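S.K.: Residue numbers (my numbering): 38 to 548. Ideal placement from N, C-alpha and C gives every residue a C-beta, glycine not left out. Source: prediction; values computed, not measured.
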């Protein structure tokens, strides 16, 4: 099924579906009139005598250089070739497709001055499963994601490499195989393609979608830890959280109540337990994870706006005036990426403290050291906990803000930049680390709950543990755990891990 992209109206759900399902997509044909109109305005400017930036002038520091009319097409081609200077590992297929979708959405607003032919070329690539090879490094997040978007555009004109139906080959060879002619760029079209925040935004959006799943999964693993540690459900009383009023906190507490409902373990120590309060990593899970949910939602609002934005330069305004501005500056995306990074770090930090609690017999209220039946002969989850600590520490370092950094480029013409692109790219490593932490908590929590037998956990958590046991056997004698952790990393990324019948859905949408 082919998805329809409506400029200015792409929802988070639609963007996540594009990211995950690999289906083809096209631009809403109702947008063509506006696209054709702005292209005509650019053509008129190109035929005129007045200098118009990026249409009949050089770029950046060379904007004062006037270009002859018969060299305008070469100007745009040269722009793409010279700016294809990225390096590093290429973007994933999923992110690359999202970049191309976001570029269509931006061009579809009818303010960029490209011809409909450009739209059709992107659509042809998607329909033929041709994805440009886009190096992940080289953008400072202003003026747009120049180098990575140049690599994307180079493929459209028959240059550079692509992945065609899973095989890396030259763009020219892939286009010949699919009977697609190379695009010949017209006035401003090269600039419209590379001036934009689509790579930073695609990286941030895709990381956001994965982060949300991990955040929700961490609520389920925290419930396992609460059970294993024989914690109390009293701190999750609805009125406590409604008195504060934060949406994410209220939702997290409700989910914990739902997951713990019907537990024998929770009720078994209501009398005679000398502990007055649980440690913060148990008791304050709604306040911490809930704040992370709210932070992710704030980032989502920014990124949805950016996904629907026009971010190239110059722009064709509604009265036909062609004006240079700065929508290519990705500061909003950089801020959103830093928000996501903080949330990822904190989710991992509190999860790791719960793991540390469960393996420590001084804190776990009767569980054996390192959750092994024979401590001493066996080390149990000793080093799995260390692994989680290493991942947590990595994420703490990676969460340091990128948006506060800047460096002048292009001979000081572009003297303040956002660093949004690598700020967003690092989120994918952070998600991988958080998945590892939450996986270890799932392993430890399930082990700890089972050690409370014959007391039984709640029906909801029995379902979670059963799914964990399909992927990871209980710890008896010591064994290699890496494959178990990898299997559980996949599991905690699956929304089925925590979306059981009877639990109230927790949506990423801001309303």
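Out of curiosity, what's the CA-to-CA distance linking residue 84 and residue 71?
M.R.: Taking the first residue of the chain shown as 1, we reach residue 84 at position 47. Taking the first residue of the chain shown as 1, we reach residue 71 at position 34. The alpha-carbon atoms of residue 84 and residue 71 are separated by roughly 20 Å.
S.K.: Quick check: the Cα distance between residue 327 and residue 437, rounded to an integer number of angstroms?
M.R.: Residue mapping note: residue 327 aligns to position 290 of the chain shown, counting from 1. Residue mapping note: residue 437 aligns to position 400 of the chain shown, counting from 1. Each residue's Cα considered, the two are about 21 Å apart.
S.K.: Where do the N-terminal and C-terminal ends of the beta strand (DSSP E) with residue 41 fall, by residue?
M.R.: For this step, residue 41 is matched to residue 4 along the chain shown. Counting along the chain, the beta strand (DSSP E) containing residue 41 begins and ends at 40 to 42.
S.K.: Decide if the segment 491 to 511 is in contact with the segment 295 to 309; the criterion is three or more beta carbon pairs, one per stretch, under 8 Å apart.
M.R.: yes
S.K.: Would you please state the rounded distance, in angstroms, between the beta carbons of residue 145 and residue 44? I believe it to be under 8 Å.
M.R.: Start at 1 with the first residue of the chain shown, and residue 145 comes out as number 108. Start at 1 with the first residue of the chain shown, and residue 44 comes out as number 7. The pair is a contact, with the Cβ atoms about 3 Å apart (cut-off 8 Å).
S.K.: Which first and last residues belong to the alpha helix (DSSP H) in which residue 376 is found?
M.R.: Residue 376 sits at position 339 when you count from the first residue of the chain shown. That run of the alpha helix (DSSP H) goes 368 to 396.
S.K.: When DSSP builds the beta bridges, which residues end up paired with residue 352?
M.R.: Here residue 352 is taken as the residue at index 315 of the chain shown, counted from 1. 360.
S.K.: In the structure shown, what three-state DSSP assignment does residue 198 receive?
M.R.: Translated into the one-based positions of the chain shown, residue 198 becomes position 161. DSSP, read as helix, strand or coil, puts residue 198 in strand.
S.K.: Is the separation between the beta-carbon of residue 172 and that of residue 234 shorter than 7 Å?
M.R.: In the chain shown, counting from the first residue as 1, residue 172 sits at position 135. In the chain shown, counting from the first residue as 1, residue 234 sits at position 197. Contact flag unset, no.
S.K.: Kindly indicate which residue of 433, 517, 213 and 396 has the alpha-carbon position closest to the one of residue 482.
M.R.: Against the chain shown, residue 482 aligns to sequence position 445. Closest by alpha carbon: 396.
S.K.: Rounded to a whole number of angstroms, what is the C-alpha to C-alpha distance between residue 297 and residue 129?
M.R.: As a first step, residue 297 must be located in the chain shown, where it is residue number 260. As a first step, residue 129 must be located in the chain shown, where it is residue number 92. C-alpha separation (whole angstroms): 38 Å.
S.K.: Whole angstroms are fine: how far does the CA of residue 226 sit from the CA of residue 136?
M.R.: On the chain shown, residue 136 is found 99 positions in, with the first residue counted as 1. On the chain shown, residue 226 is found 189 positions in, with the first residue counted as 1. If I take the Cα positions, the gap works out to 17 Å.
S.K.: Are residue 63 and residue 160 closer than 7 Å when you measure CB to CB?
M.R.: The residue you call residue 63 lines up with position 26 of the chain shown. The residue you call residue 160 lines up with position 123 of the chain shown. A contact, by the Cβ cut-off of 7 Å.
S.K.: Of the residues 206, 349 and 252, which one's Cα is nearest the Cα of residue 530?
M.R.: Numbered from 1 along the chain shown, position 493 holds the residue referred to as residue 530. Residue 530 has its Cα closest to that of 252, out of 206, 349 and 252.
S.K.: With DSSP as the reference, label residue 526 as helix, strand or coil.
M.R.: Walking along the chain shown from the start, residue 526 turns up at place 489. Reduced to three states, the DSSP call for residue 526 is helix.
S.K.: Leaving aside the five residues before and after residue 524 along the sequence, list all residues of the same chain whose C-beta is less than 7 Å from its C-beta, in chain order.
M.R.: The residue labelled residue 524 in the question sits at position 487 within the chain shown. Correct list, in chain order: 508 and 509.
S.K.: Kindly identify the DSSP beta-bridge partner or partners of residue 103.
M.R.: As a working note, residue 103 is residue 66 in the chain shown. In the DSSP output, where bridge partners are listed per residue, residue 103 has 94.
S.K.: Below 8 Å on the Cβ atoms is my contact criterion, and I expect residue 170 with residue 197 to pass it. Report the Cβ-Cβ distance as a whole number of Å.
M.R.: Numbered from 1 along the chain shown, position 133 holds the residue referred to as residue 170. Numbered from 1 along the chain shown, position 160 holds the residue referred to as residue 197. About 7 Å; that satisfies the 8 Å criterion.
S.K.: Can you give the Cα-Cα distance for residue 192 and residue 200, rounded to whole angstroms?
M.R.: Start at 1 with the first residue of the chain shown, and residue 192 comes out as number 155. Start at 1 with the first residue of the chain shown, and residue 200 comes out as number 163. Roughly 10 Å between the two C-alpha positions.
S.K.: Residue 432 and residue 467 - do their beta-carbons sit closer together than 7 Å?
M.R.: In the chain shown, residue 467 corresponds to position 430, counting from 1. In the chain shown, residue 432 corresponds to position 395, counting from 1. In contact: residue 467 and residue 432 (Cβ atoms closer than 7 Å).
S.K.: Can you tell me the Cα-Cα spacing of residue 459 and residue 421, whole angstroms?
M.R.: Taking the chain shown and counting its residues from 1, the one referred to as residue 459 is at position 422. Taking the chain shown and counting its residues from 1, the one referred to as residue 421 is at position 384. If you take the alpha carbons of residue 459 and residue 421, they lie about 30 Å apart.
S.K.: For residue 453, which option in 127, 363 and 76 has the closest C-alpha, if you only look at C-alpha atoms?
M.R.: As a first step, residue 453 must be located in the chain shown, where it is residue number 416. The shortest Cα separation from residue 453 among 127, 363 and 76 belongs to 363.
S.K.: Does DSSP put residue 126 in a helix, a strand or coil?
M.R.: Taking the first residue of the chain shown as 1, we reach residue 126 at position 89. It is a strand residue.
S.K.: Tell me where the beta strand (DSSP E) around residue 407 begins and ends.
M.R.: Here residue 407 refers to the residue found at position 370 when the chain shown is read from its first residue. Counting along the chain, residue 407 falls outside any beta strand (DSSP E), and DSSP gives it neither H nor E.
S.K.: Cβ atoms of residue 400 and residue 408: under 7 Å apart, would you say?
M.R.: Residue numbering aside, residue 408 sits at position 371 when the chain shown is read from its first letter. Residue numbering aside, residue 400 sits at position 363 when the chain shown is read from its first letter. Going by C-beta atoms, residue 408 is not nearer than 7 Å to residue 400.
S.K.: For residue 349, I'd like the list of residues in its chain whose CB is within less than 6 Å of its CB, leaving aside the five on either flank, ordered along the chain.
M.R.: Position 312 of the chain shown holds residue 349. Cβ neighbours of residue 349 beyond the five flanking positions: 149, 229, 232 and 233.
S.K.: In whole angstroms, give me the CA-to-CA distance for residue 257 and residue 293.
M.R.: As a working mapping, residue 257 is identified with position 220 in the chain shown. As a working mapping, residue 293 is identified with position 256 in the chain shown. Looking at the two C-alpha atoms, the distance is approximately 7 Å.
S.K.: Which residues mark the beginning and the end of the alpha helix (DSSP H) in which residue 68 is found?
M.R.: The residue given as residue 68 occupies position 31 in the chain shown. It is not in any alpha helix (DSSP H) - residue 68 carries neither H nor E in the DSSP assignment.
S.K.: Out of curiosity, what's the CA-to-CA distance linking residue 514 and residue 488?
M.R.: As a working note, residue 514 is residue 477 in the chain shown. As a working note, residue 488 is residue 451 in the chain shown. Approximately 15 Å, taken between the alpha carbons.
S.K.: Let me check understanding here. Comparing Cα to Cα, which of 528, 168 and 520 lies closest to residue 502?
M.R.: Numbered from its first residue, the chain shown carries residue 502 at position 465. For the residues 528, 168 and 520, the minimum Cα distance to residue 502 belongs to 528.
S.K.: Quick one: any contact between the segment 175 to 194 and the segment 205 to 224, if contact means 3 or more CB pairs under 8 Å?
M.R.: The answer is yes - the segment 205 to 224 touches the segment 175 to 194, with three or more Cβ pairs under 8 Å.
S.K.: Whose C-beta lies closer than 6 Å to the C-beta of residue 322 among residues of the same chain, with five residues either side of it excluded?
M.R.: Stepping through the chain shown from its first residue, residue 322 is reached at position 285. Counting only Cβ-Cβ distances below 6 Å, and skipping sequence neighbours, we find 259.
S.K.: Closest by CA to residue 57, which one among 369, 366 and 247?
M.R.: Residue numbering aside, residue 57 sits at position 20 when the chain shown is read from its first letter. Comparing Cα positions, the closest option is 247.
S.K.: I'd like to check one pair, residue 374 with residue 271: are the Cβ atoms closer than 7 Å?
M.R.: Numbered from 1 along the chain shown, position 234 holds the residue referred to as residue 271. Numbered from 1 along the chain shown, position 337 holds the residue referred to as residue 374. Taking 7 Å as the Cβ cut-off, residue 271 and residue 374 do not qualify as a contacting pair.
S.K.: With DSSP as the reference, please indicate the residues paired to residue 205 in a beta bridge.
M.R.: Taking the first residue of the chain shown as position 1, residue 205 is located at position 168. For residue 205, which the question treats as bridged, DSSP gives the partners 200.
S.K.: Which same chain residues, not among the five before or five after residue 335, have their C-beta less than 7 Å away from its C-beta?
M.R.: For this step, residue 335 is matched to residue 298 along the chain shown. 376, listed in sequence order.
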